[in-house]
Amino acid sequence: MEMTRRTALGTVGAAAGAGLSAGAKGQDLPSPAPAPIHAEVPPQAPGVRGRLSGAKAAAMALAAEGVPCVFGVPGAQNNEFWDAMKTIGLPYLLTSHESAAPVMADASARVSGRVGAFALIPGPGLTNALTGIGEALLDTIPIVGLVTDVKRGPSAPVGQVHALSNAAILRTVTKAVFEVHHPGQIAAAIFRAFRIAKAGPPGPVGVVVPYDLLSMVWDYDEPVPPEIAPPWDEAAYRKALDVLRDPSRKVGIYAGLGAAEATAELAAAAELLQAPVATTVSGKGVIPDDHPLAVGWGYGSFGTKAAERAFKKVDTVIALGARYSEVSTANYNVPKHDHLIHVDIDPAVLGKNVPATVPVLADARLFLARLLADGDLVRRPPDPQLLRAVHQDRAAERAQHHEVKIRDGVDPMRFLAVLGEAIGPEGLMFVDVTASTHWAAEAIRRQAPRRYVTPADNQSMGWAVSAAIGAQRTRPDLPVACVTGDGCFLMSGLEASTASRMHLPVKLFVLDDGAYHYMQMLQEPLFGRTTATVLPRLDYAALARGMGLASLAIASNDDVVGGVAAAMAHPGPILVRVAISYNGRELRWLESLRSSYLEKLGTGQKARFALRFLSRAANPALEND
């Protein structure tokens, strides 16, 4: 039977505690006995203890997990919880819209390496948040949502406000949902949710609590449970070692966000094997971009040229914490190699999109640690020719990124390269779903993981605005910049008022060309015209003023260096309009996508598309819009 994400979680759930199930039906926790005793736990172990209201127990459980901030919007069904957070001093942030709550929690998790948390009411509070929760699910980001519910049970009245099937809705975008039916279950449910959010493939987990339980009192004695150990397949590791110990094999490493906690081991393994290292977009920085063996992102025609060239000389690829998803591979356009050793903690992705010679169910850091321990068996001699080629290719790329090729507006590659350098090696870069997304992945270099963030697989437009604000709240010690598009900003731009209200010095750069240019690039070659892509022109200075932000305009290439420097030097939040133009820049990812798409079309489809395009070009009956 094929192993899927949800079925794989069954074993994780069993390890988390008795009665835990992460299947499609979610989780009903059994009613606890009064004042349970955990004799094996030391008296002072962290946890939730004492006679407490359900709301205070929930707040104390989140505090025990080390949550840096809880994001959300209060409502009639969860006011008890928000008041409890204030009582115990648990940090919280009011978002301007519920859609931003899970996004900010997601960003908090990405930049801190800890589980993010959000709190919402049922009904519209939850439904408004589904897009953000879905992004965390597809991008495998651990967040926990405390969602209150209406009264449940045989005696519950009909016609309650927000009485949707809230737990069922939540299950569609989470790994698991814990439904609480008794106040004594609240702390245990939250602790288990955190274990599941981090275990196996990370992801969002929901805890659903009927609001009337928050005001009930219970005697709690609930310790923080141990973490779930990551998987390890010793036999598969031995097979991988057998492949790698052949000194004739040329090895390349492809690393994703799953290797974020293994940066030192990754660099050491690359040097041991003399292997070029490419990353996924989400994995940027897992090896410093200035490392002599770092070749950029991707390793096919969709990624950086340095990566493509280096991996053409490779016959064996080690993929670490990377899933080969559709967007990251330009429609699965992945070069073939003799051997693929695919290492991941999610059995559902191993060898799924790219056949693996050796699939290894393991944590990337554990795999690399074992490989380094067996280093004498796989060590390669220094390869000065490889190092020289990588250095030359990367230097040539950097020069091309700074070269001005577009003069009827701001050149996006030039702007992104300047911004990436101006924010510094520790700065947090958030990049939205815009036409510049893949240029940004090439031009912006990072020296550490969790410093370059983008919505990878749900591709929700406008995500980066809220995410950057959540990241700044979590990491006030680091500069944060967000690159979004004019179309993205229409969807979430008012959340910038949260940055103003909370004095969070986020730098928001809006790439404004008056269109959904990304869609224009997809539509024009296929249909011979564009449809529903023209956007209204906004007065960004007036918008910024109305929200209490500073504003700035970068109108030409001559303004880029000074404008970016001024924005980054501003002590508070600032909204910067960048008059971007996309005419004249090659987008490697898009060309690779088109090539992959056309290869998969049948002859008849190709002929029909070609005739449609030619006929419309000869007789343009309708204007582009």
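Numbering (numbering that gives the first Met the number 0), first residue to last: 0 to 624.
Cβ coordinates follow ideal geometry from the N, Cα and C atoms, glycine included.
C-alpha distance - residue i paired with residue j, whole-angstrom precision
i    : j    : result
L360 : F366 : 9 Å
G561 : Y539 : 19 Å
A554 : D512 : 11 Å
G53  : I120 : 16 Å
F80  : F608 : 57 Å
D27  : L592 : Annotation note: pLDDT 49 at D27 (below 50); position unreliable, coordinate value reported separately. C-alpha separation (whole angstroms): 44 Å.
V326 : G426 : 25 Å
G18  : P90  : Residue placement at G18 cannot be trusted, given a pLDDT of 35 that sits under 50; what the coordinates show is reported in the next sentence. Approximately 32 Å between the Cα atoms of the pair.
S95  : D138 : 24 Å
E598 : P381 : 39 Å
E523 : L621 : 13 Å
L510 : I579 : 6 Å
R615 : M520 : 17 Å
A657 : V479 : With the chain covering 0 to 624 only, the question about residue 657 has no answer from this structure.
A606 : V353 : 29 Å
V47  : V206 : 17 Å
Y219 : A62  : 15 Å
M546 : S499 : 7 Å
S30  : F177 : Per-residue confidence for S30 stands at a pLDDT of 43, beneath the threshold of 50, marking its modelled position as unreliable; the derived number appears in the next sentence. Cα to Cα, S30 sits roughly 13 Å from F177.
V204 : E590 : 37 Å
L525 : G408 : 26 Å
A198 : I227 : 6 Å
L292 : L386 : 7 Å
A543 : H502 : 14 Å
F310 : F612 : 36 Å
D476 : G571 : 13 Å
F508 : R413 : 14 Å
L163 : G350 : 39 Å
I87  : A56  : 10 Å
CB-CB length for residue i against residue j, believed under 8 Å
i    : j    : result
G122 : I132 : Actually they do not touch by this definition, with Cβ atoms about 15 Å apart.
A106 : N77  : Not a contact, Cβ separation roughly 22 Å.
I405 : R584 : 6 Å
G625 : A254 : No statement about residue 625 is possible, as the shown extent of the chain runs from 0 to 624 and does not include it.
F488 : G461 : 7 Å
V179 : V208 : 5 Å
R474 : V110 : 5 Å
A58  : A75  : Between A75 and A58 the Cβ distance is about 18 Å, and since that is not below 8 Å, they are no contact.
G257 : A128 : Between A128 and G257 the Cβ distance is about 25 Å, and since that is not below 8 Å, they are no contact.
A188 : I142 : Not confirmed; about 15 Å, so no contact.
A329 : S595 : 6 Å
P411 : V223 : In fact, because the Cβ distance is near 47 Å, the residues do not count as touching under 8 Å.
Cross-strand partners of residue i (DSSP beta bridge)
i    : result
C487 : C487 is not bridged to any residue.
P203 : I142
F639 : Because the chain here runs from 0 to 624, residue 639 falls outside it and cannot be looked at.
P209 : D148
S52  : V216
W462 : Answer is none; W462 lacks a bridge partner.
W296 : T278
W438 : Its beta-bridge partners do not exist; DSSP assigns none.
L349 : Answer is none; L349 lacks a bridge partner.
D511 : A578
Three-way DSSP call (helix, strand, coil) for residue i in this model
i    : result
P557 : The question names Pro, yet the displayed sequence has Asp at residue 557. D557 falls in the helix class under three-state DSSP.
P628 : Since the displayed the chain opens at 0 and closes at 624, residue 628 lies outside it and no answer follows.
K283 : coil
Y581 : coil
F117 : strand
L610 : helix
F301 : coil
A15  : Unreliable positioning characterises A15 in this predicted model, as indicated by a pLDDT of 40, which lies under 50. A coordinate reading is not provided.
E221 : strand
Y517 : helix
A318 : strand
Y253 : strand
R109 : helix
N623 : coil
G423 : coil
D392 : helix
N618 : coil
A566 : helix
### Query
Three or more C-beta pairs closer than 8 Å, one from the region 439 to 459 and one from the region 278 to 286: is that the case here?
A contact between stretches requires three or more CB pairs, one per stretch, nearer than 8 Å, and the region 439 to 459 meets this requirement with the region 278 to 286.
### Task
Flag this pair as touching only if the region 226 to 236 and the region 55 to 73 have three or more C-beta atom pairs under 8 Å; answer yes or no.
Judged by Cβ distances under 8 Å, the region 226 to 236 makes no contact with the region 55 to 73, as fewer than three pairs qualify.
### Query
Can at least three beta-carbon pairs, one atom from the region 258 to 271 and one from the region 237 to 246, be found at a separation below 8 Å?
The answer is no - the region 237 to 246 does not touch the region 258 to 271, with fewer than three Cβ pairs under 8 Å.
### Query
Does the pairing of the region 287 to 306 with the region 436 to 444 give three or more beta-carbon distances under 8 Å?
The region 287 to 306, when compared against the region 436 to 444, does touch it at the 8 Å Cβ threshold.
### Task
Inspect the CB distances between the region 477 to 491 and the region 390 to 407 and report whether three or more fall short of 8 Å.
No, the region 477 to 491 does not touch the region 390 to 407.
### Query
Between the region 529 to 543 and the region 390 to 400, do three or more beta carbon pairs fall short of 8 Å?
Segments in contact, no.
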